[in-house]
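Novice: Before I ask anything, let me first share the structure, which is written out below as structure tokens.
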Amino acid sequence: MNLLNTVPSSAPPCPYLPLRTHSNLSKSLQFSYPKPSKFTSYGARLCELFDLHQEQVPYEVAWSWQKDIVKEKKAQLENEGDCSDTLIVLQHPSVYTLGTASTKDNLNFNINNAPFNVYRTERGGEVTYHGPGQLVLYPIINLRRHKMDLHWYLRTLEELVIRVLSLTFSIQASRVEGLTGVWVGNEKVAAVGIRVSHWITYHGLALNVTTDLTPFKWIIPCGIRNREVGSIKGLLLREAQSSNMAANGTNDLHSIMHDDGGLIGITRNSLIEEFSKVFQLEYCHRTISVPMLYERNQSDIVTETQQS
Numbered sequence: 002m003n004l005l006n007t008v009p010s011s012a013p014p015c016p017y018l019p020l021r022t023h024s025n026l027s028k029s030l031q032f033s034y035p036k037p038s039k040f041t042s043y044g045a046r047l048c049e050l051f052d053l054h055q056e057q058v059p060y061e062v063a064w065s066w067q068k069d070i071v072k073e074k075k076a077q078l079e080n081e082g083d084c085s086d087t088l089i090v091l092q093h094p095s096v097y098t099l100g101t102a103s104t105k106d107n108l109n110f111n112i113n114n115a116p117f118n119v120y121r122t123e124r125g126g127e128v129t130y131h132g133p134g135q136l137v138l139y140p141i142i143n144l145r146r147h148k149m150d151l152h153w154y155l156r157t158l159e160e161l162v163i164r165v166l167s168l169t170f171s172i173q174a175s176r177v178e179g180l181t182g183v184w185v186g187n188e189k190v191a192a193v194g195i196r197v198s199h200w201i202t203y204h205g206l207a208l209n210v211t212t213d214l215t216p217f218k219w220i221i222p223c224g225i226r227n228r229e230v231g232s233i234k235g236l237l238l239r240e241a242q243s244s245n246m247a248a249n250g251t252n253d254l255h256s257i258m259h260d261d262g263g264l265i266g267i268t269r270n271s272l273i274e275e276f277s278k279v280f281q282l283e284y285c286h287r288t289i290s291v292p293m294l295y296e297r298n299q300s301d302i303v304t305e306t307q308q309s
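When you line the sequence shown up against the numbering used here, it's residues 2 to 309, in that order.
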């Protein structure tokens, strides 16, 4: 079995959303549609997929991009009554982000002399770390067309990760009552933090795949003490040391867990496939380069400066 090719590379065309870098997108969508909307195809909603899983996109660039997409989707909702869903998959260079509940008490360093950039955001939750080897999913979806229930949405994101770990790696993960995220034993492998505006979601989840976990030691991750942080690679290596993986029919995993790029690719494939299943989505693949995102971000900064 070739685990690197578990998701078809081809996808049906997305005729309703012209490819562009999300500038003035809402102005270009001049069509009307009956219910169910044209964002639904054969019972599945259409979802733009921006797959940058091999790229390290600076946090501030991706953050600004998300907010622009949310703004455009709100305009689509007002003008058209519906909007497409969007999924962004990427990695970040090392960075700390603070949620709305964050306090400096959970930082084990002087914020004026931080080891990496620190951003206070509007997502829920406490401090977390993003860095290379961690896959980040930013779903920007219209919950009006799914379920207008934030508890359901959070649990569904967790379920997505639990399914990926079980089906792809035979790792049995679970939730912890009263806490958000996905756990394997005492180790948190995925963090979830969201923001919802007019029932449009943004921010999302971060899954540690091959992540260097050292930077987590400089914070109290998610404000939770007396628990550890784990990664898929770490869990697989531990399993390999304690059992004969080949005897369990996991030869592919045994060979791939020392290949960081391959392990990230497998995880990306599984995340995208399971995301489409749990949210009943059909993908429209979109392309955008990191330089294009930089250019768009700089344009926004200039505009904001001129307005102020």
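All C-beta atoms, glycine included, are put in the ideal place defined by N, C-alpha and C. Here the structure is a predicted model, which is why all the values come from computation and not from measurement.
By the DSSP assignment, the alpha helix (DSSP H) with residue 80 in it spans what residues?
Specialist: Per DSSP, residue 80 belongs to the alpha helix (DSSP H) from 60 to 81.
Novice: Excluding five sequence neighbours on each side, which residues of the same chain lie with their C-beta closer than 8 Å to the C-beta of residue 120?
Specialist: 60, 61, 64, 96, 97, 98 and 99
Novice: From residue 157 to residue 244, what distance separates their C-alpha atoms?
Specialist: 32 Å
Novice: Does DSSP put residue 202 in a helix, a strand or coil?
Specialist: strand
Novice: If distances are taken between C-alpha atoms only, which option among 272, 295, 298 and 296 comes closest to residue 50?
Specialist: 272
Novice: In angstroms with no decimal places, state the Cα-to-Cα distance between residue 91 and residue 187.
Specialist: Roughly 26 Å between the two C-alpha positions.
Novice: Terminal residues of the continuous alpha helix (DSSP H) containing residue 242?
Specialist: 233 to 243
Novice: Could you compute how far the alpha carbon of residue 117 sits from the alpha carbon of residue 107?
Specialist: 15 Å
Novice: How is the alpha helix (DSSP H) around residue 153 delimited, first residue to last?
Specialist: 151 to 170
Novice: With distances taken from CA atoms, which of 55, 128 and 141 is nearest residue 196?
Specialist: That would be 141, whose Cα lies nearest to the Cα of residue 196.
Novice: Spell out a yes or no on whether the region 222 to 233 and the region 125 to 145 are touching, meaning 3 or more CB-CB pairs, one atom from each, closer than 8 Å.
Specialist: Under the three-pair Cβ rule at 8 Å, the region 222 to 233 counts as touching the region 125 to 145.
Novice: Take residue 67 and list the residues in its own chain whose beta-carbon comes closer than 8 Å to its own, dropping the five residues that flank it on each side.
Specialist: Within the same chain, residue 67 has close Cβ partners 89, 139, 141, 203 and 204.
Novice: Mind checking whether residue 54 and residue 269 have CB atoms under 8 Å apart?
Specialist: yes
Novice: When the Cα atoms are used, what is the spatial distance from residue 293 to residue 198?
Specialist: 26 Å
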